[in-house]
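Heads up: the sequence shown is residues 1336 to 1900, going by the numbering used here. Taking it in order: structure first as structure tokens, then the write-up.
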Amino acid sequence: MLAELSIRNFAIIEQLTVSFNGGLTVLTGETGAGKSIIIDAVQLLAGGRASTHFIRFGAERAEIEGLFYIPPHEQLKELLQTFGIEAEDELIIRRELNRNGKTTTRINGKLVTIAILREVTSFLIDIHGQHENQELMQEKYHIVLLDQFAGESFHDALAHYSTTYERYVKLKQTIARAIEDEQLIAQHIDLYSFQLKEIDEAELQVDEDIELENEKMKLDHYNRLYERLNLAYEALNGESKGLDYVGSAMSDLEDAATVDTDLQPLCETVSSSFYSLQDAVHSLRQRIDEMEYDPARVEYVESRLALLANLKRKYGQTVEEILLYRETIEEKLNELLHRDEVALAQQEMLEQLEADLQIEAEELSFKRKKVAKKLEKSIIEQLSDLHMAKANFVVSIERKEHQAFDQYGYDDVQFLISTNVGEPLQPLIKVASGGEISRMMLALKTVFSKHRGITSIIFDEVDTGVSGRVAQSIAEKIAMIGAHSQVLCISHLPQVAAMADYHYFIAKHVTGDRTTTAITPLAEAERTEELSRMLSGAEITPLSLKAANELLQLAERRKSQIANK
């Protein structure tokens, strides 16, 4: 539900903030007052195309912000998580239009693309104007709407089919990739074979490069290492007699400890150090005796490191990465060498999946045709309520050409209508009369609003071209939709305005040398005056006020009846 809308420097609106509630909200006002501008602003929040023409003259940017209370819709929540948008119960959507042509879009403070915005708001807003090409007027969406009308049992069957179809598409893509140019395949075989041979001949060992680098460091500094080890040995066990001095100190402390037992810990420390130094001297001597400068070893280490560096430039930053790359290309080479066997197995699997899809698609088609009859009946009943009793509505379900499958099965679904006896059924988009379009759309909206889960439905003057009892029927249908969704409706019909749960009056004013638009919620008495104006024109008379009161009383009775249905 759209809870609050803030607009700044948008068209003739300088600054405007309005709160909305659930149910039916009607916006009325003189032509040109700015009613449709508010809908344009909401449309931008829904991902509509931005233009610098929307920016108020003299301003550098326009700002539009909407607060939405989001429904407990699992698919919407999963979508928000996918895009990294944090949300619990509400979304704040904000768009800024800059004079330089750039736009900024945020959802709960996170920058998003227009594509993401449209995907998210498709769960929140459905805007319909009299001539707009909305989902109901686009044949590609008719199958989606029919499936939504079908209910949970059908959705389970569709989900099962979708899983099979996804496997089918992926396997088909895999097979298509495998049927590449034979010359390219031969080139890949030669390349992978060469790379495998080169890596295998190197006989790589994990961490070999690290060990060789350490060894090279020692070989490069052999003389320095040999000299330092000998100096250390001499200091401990040569003429300097370092170890002898420590041994003498140990003997003296042992004798002193016989007199002063408090010296025992110190004596043990020196003793431990003496024996440790003895071990160190032995290890030093052994290491010195083992040292030998081997030019051949130096050459081997350097050549081995050069080989590893060459392999790293080609196949990975480390020996582990090179070995992982080897496993990858070995698998690819095996696939190419045995591609005929693999292709045969994949083709057999594809045929099995096609057979499964055929069965599941037939089941979907059978269920759709049963549901289509129910939908036709519901729509015809709604049209009859809207004084189109002679109209006929048919859901056409045909098999796709060339036995093709898509994510919905093999059905092509199209909504057809005939508005008068003797006229042929034709697509919705070809219905000529504006009033008929309005009633057709309201009939469809009334049925689908219960199934689609969209929280805000916006009608922009869909009642154009109707009057009298048809206007009253349209008003009641819009109120019925408002019982299931938040409905915002711009209208010039007093019958529609009378059915409103909330009534806003939009007017423009001239302040100084600038025009601005303001929106005002109407109290009961003010509503009566506005309805009176809508009934009689600019002049409000006692008779028009009386008619307005009667219209409001009738509306209250009809709303009570709708609520009890």
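Glycine included, every Cβ here is placed at the ideal spot set by N, Cα and C. What you are looking at is a predicted structure, and each value in this text was computed from that prediction instead of being measured.
query                                                                                                                       : result
Other residues of its chain near Leu1889: CB distance less than 8 Å, five sequence neighbours each side excluded            : Ala1833
Residue from Thr1360, Arg1502, Thr1456, Phe1458 whose Cα sits closest to the Cα of Leu1688                                  : Arg1502
Residue from Met1815, Glu1864, Ser1791 with nearest C-alpha to Glu1339                                                      : Ser1791
Cβ-based burial, Glu1733 [other Cβ within 10 Å; buried from 16]                                                             : exposed
Neighbour flag for Leu1560 against chain D, beta carbons, 8 Å                                                               : In the displayed structure, chain D is absent; only one protein chain is listed.
Reduced DSSP secondary structure (H/G/I, E/B, other) of Lys1725                                                             : coil
Closest residue to Ser1371 among Pro1407, Gln1821, Leu1857, Ile1793 (Cα-Cα distance)                                        : Ile1793
Beta-carbon gap between Phe1418 and Val1377 smaller than 8 Å                                                                : no
Residues near Gln1896 by beta carbon distance below 8 Å, same chain, minus five either side                                 : none
Member of Thr1498, Tyr1404, Glu1603, Glu1413 whose CA lies at the smallest distance from the CA of Asp1424                  : Tyr1404
Beta-carbon proximity of Tyr1839 to Thr1855, cut-off 8 Å                                                                    : yes
Selected residue, minimal CA-CA separation from Leu1828, among Ile1841, Ala1842, Ala1810                                    : Ala1810
Local Cβ density within 10 Å of Gln1652, reported as buried at 16 or more and exposed below that                            : exposed
DSSP-derived helix/strand/coil call for Glu1423                                                                             : coil
Cut-off 6 Å between Cβ atoms - residues of its own chain near Ser1354, not counting five sequence neighbours on either side : Glu1339
Residues of its chain near Thr1352, where Cβ-Cβ distance is below 8 Å and the 5 sequence neighbours each way are ignored    : Glu1339, Leu1340, Ser1341, Ile1342
With 16 other Cβ atoms within 10 Å as the buried cut-off, status of Gly1573                                                 : exposed
Val1730 - partner residues in DSSP beta bridges                                                                             : Phe1750
Run of the alpha helix (DSSP H) containing Phe1489, from where it starts to where it stops                                  : 1487-1513
Local Cβ density within 10 Å of Gly1393, reported as buried at 16 or more and exposed below that                            : exposed
CB of Ile1534 within 8 Å of CB of Arg1661, strictly                                                                         : yes
Whole-number beta carbon distance between Ala1584 and Val1605, since they are thought to touch under 8 Å                    : 6 Å
Simplified DSSP assignment, three categories, for Gln1761                                                                   : strand
Straight-line Cα distance separating Glu1655 from Leu1640                                                                   : 15 Å
Rounded straight-line distance, which links the Cα of Ala1835 to that of Arg1868                                            : 16 Å
Every unbroken alpha helix (DSSP H) inside the segment 1339-1387 [4 residues or more]                                       : 1370-1380
Selected residue, minimal CA-CA separation from Lys1551, among Leu1612, Asn1669, Val1633                                    : Val1633
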